[in-house]
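Shown next, in structure tokens, is the structure this report addresses.
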Ligand code: PLP
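In my numbering, the protein residues as written are 734 to 1115.
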């Protein structure tokens, strides 16, 4: 099998499996209990918190563990909305956010929020004039992703955060695809809130984190115990948190070489395909992009048919985001970039990670060169 869907999820690192296996046997205590098993679980959660904090250069107590990126972004947005000052009823986000942010924002409209969706330009980059125009003293929170999960296009969140803060708004960044894949420093970025996810970086599902700057007074959205500094009630998911901590540590160690390795693989993959296949576009090609992904538009093919063909050959990829696949809705990201529904349907996302090797990509290039003309011929006969 050739797994090229690392933006959807990643296989667990063996080191993560090892610590989780040990935790499964030993860490049964409730981290809130005062006895020895409880203290052992608490120590393991605290160690994981230090490791996740180190990944983004935050303080330990600014990390709130959640069940994943989706919950982190819901807590950020709903919690910021609950904490908003009088007269601040606008939320600014982009039209290409993940549904974790877009749907949370739409849900807040029912609570009276006025939502501004900043468009992107054809290259996938944020329309910065529209962003600046949308900012004023009535904005409660700005939520812009660090890198797009479908195209990998990176947004200038440092600059956007400066502008947001000048207006007194809080800045939230969905860094689910960049946390652990690119060096991140929340102090340099100057953000108030930042979402991370464990299963995108060889950690288990069921864990994520929200960085909450100690400068802000985010409000909780779930109620119960006082866990996670009162921001996320409920007994901690010790096992997944322990795995997440180890995954964060591994990802941090890999940051000095892995981005360059993946960028070289990705660039070679794109170059070989562009050389051999006509009617092929690389979406967002001209922008600064995350090295772990390429989003390819093939004229005259149906992405789902190509995915099935790839799957039969043992190659795993995705069309658009995993959360949207199955529904056969064209990708909202590609539509926002100005592509037609037909072009969006003809797109495939290949995303790379720890296990990705040059030989695998060569095999996929050969397969596409052989099969894409066949798929196109089939489309013509239908
Ligand atoms: N945000 C982005 C940009 C994502 O790509 C994803 C998952 O694909 C999420 C949020 C959701 O994260 P999780 O699966 O941890 O809930």
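Glycine residues also receive a C-beta, built at the ideal position from the N, C-alpha and C atoms.
Which residues does DSSP pair with residue i in a beta bridge?
i	result
residue 738	1084
residue 880	887
residue 825	849, 875
residue 904	875
residue 971	According to DSSP, which records beta bridges pairwise, residue 971 is partnered with nothing at all.
residue 1049	736
residue 927	906, 944
residue 951	According to DSSP, which records beta bridges pairwise, residue 951 is partnered with nothing at all.
residue 1022	886
residue 859	853
Using a threshold of 7 Å, is the CB atom of residue i nearer than that to any non-hydrogen atom of the ligand PLP?
i	result
residue 743	no
residue 831	yes
residue 871	no
residue 910	yes
residue 827	no
residue 856	no
residue 878	yes
residue 740	yes
residue 1120	Residue numbering for the chain in the displayed model covers 734 to 1115; residue 1120 lies beyond these limits and cannot be assessed.
residue 930	yes
residue 806	yes
residue 970	no
residue 885	no
residue 941	yes
residue 955	no
residue 790	no
residue 801	yes
residue 882	yes
residue 925	no
residue 844	no
residue 907	yes
For the alpha helix (DSSP H) holding residue i, just list the boundary residues, first then last.
i	result
residue 779	769-789
residue 1102	1091-1114
residue 934	Looking at the DSSP string, residue 934 is not in any alpha helix (DSSP H), and its letter there is neither H nor E.
residue 1002	991-1009
residue 913	Per DSSP, residue 913 belongs to no alpha helix (DSSP H) and is neither H nor E.
residue 743	Neither: residue 743 is in no alpha helix (DSSP H) and is coded neither H nor E.
residue 1074	1074-1078
residue 811	802-815
residue 832	832-842
residue 1069	1065-1069
residue 921	919-922
Check the C-beta distance from residue i over to residue j and give it rounded, since I have them as a contact under 8 Å.
i	j	result
residue 1064	residue 740	Contact flag wrong, Cβ pair sits at about 13 Å.
residue 926	residue 1002	Their Cβ separation, rounded to whole angstroms, is 34 Å, which puts residue 926 and residue 1002 out of contact at 8 Å.
residue 981	residue 785	5 Å
residue 753	residue 937	7 Å
residue 822	residue 918	Contact flag wrong, Cβ pair sits at about 32 Å.
residue 878	residue 888	6 Å
residue 891	residue 921	7 Å
residue 806	residue 834	5 Å
residue 1035	residue 1079	7 Å
residue 1091	residue 1023	19 Å between Cβ atoms; not a contact.
residue 944	residue 759	The pair is not a contact, with the Cβ atoms about 29 Å apart (cut-off 8 Å).
residue 1061	residue 1099	Contact doesn't hold; Cβ gap of about 28 Å is too wide.
residue 849	residue 829	The Cβ separation is near 14 Å, so there is no contact.
I need the boundaries of the beta strand (DSSP E) containing residue i, first residue and last residue.
i	result
residue 868	Neither: residue 868 is in no beta strand (DSSP E) and is coded neither H nor E.
residue 750	It is not in any beta strand (DSSP E) - residue 750 instead sits in the alpha helix (DSSP H) that spans 747-759.
residue 763	First-last for residue 763: undefined, no H or E at that position.
residue 943	941-945
residue 1014	1013-1015
residue 797	796-799
residue 1027	1026-1031
Using 8 Å as the limit for Cβ to Cβ distance, is residue i near chain B?
i	result
residue 1075	Absent from the structure: chain B. Only one protein chain is present.
Count Cβ pairs between the segment 968-984 and the segment 769-779 that sit closer than 8 Å; are there 3 or more?
yes
Decide yes or no for the touch test of the segment 845-858 against the segment 883-900: beta carbon pairs closer than 8 Å, at least 3 of them.
yes
Does the pairing of the segment 952-971 with the segment 758-765 give three or more beta-carbon distances under 8 Å?
yes
On the three-pair Cβ rule with 8 Å, is the segment 901-919 touching the segment 982-998?
yes
Are three or more beta carbon pairs between the segment 840-848 and the segment 795-814 nearer than 8 Å?
yes
Counting Cβ pairs, one atom from each stretch, are 3 or more of them under 8 Å apart for the segment 1036-1050 and the segment 859-868?
no
Flag this pair as touching only if the segment 866-874 and the segment 888-907 have three or more C-beta atom pairs under 8 Å; answer yes or no.
yes
Does the segment 939-948 touch the segment 793-801, meaning 3 or more C-beta pairs lie closer than 8 Å?
yes
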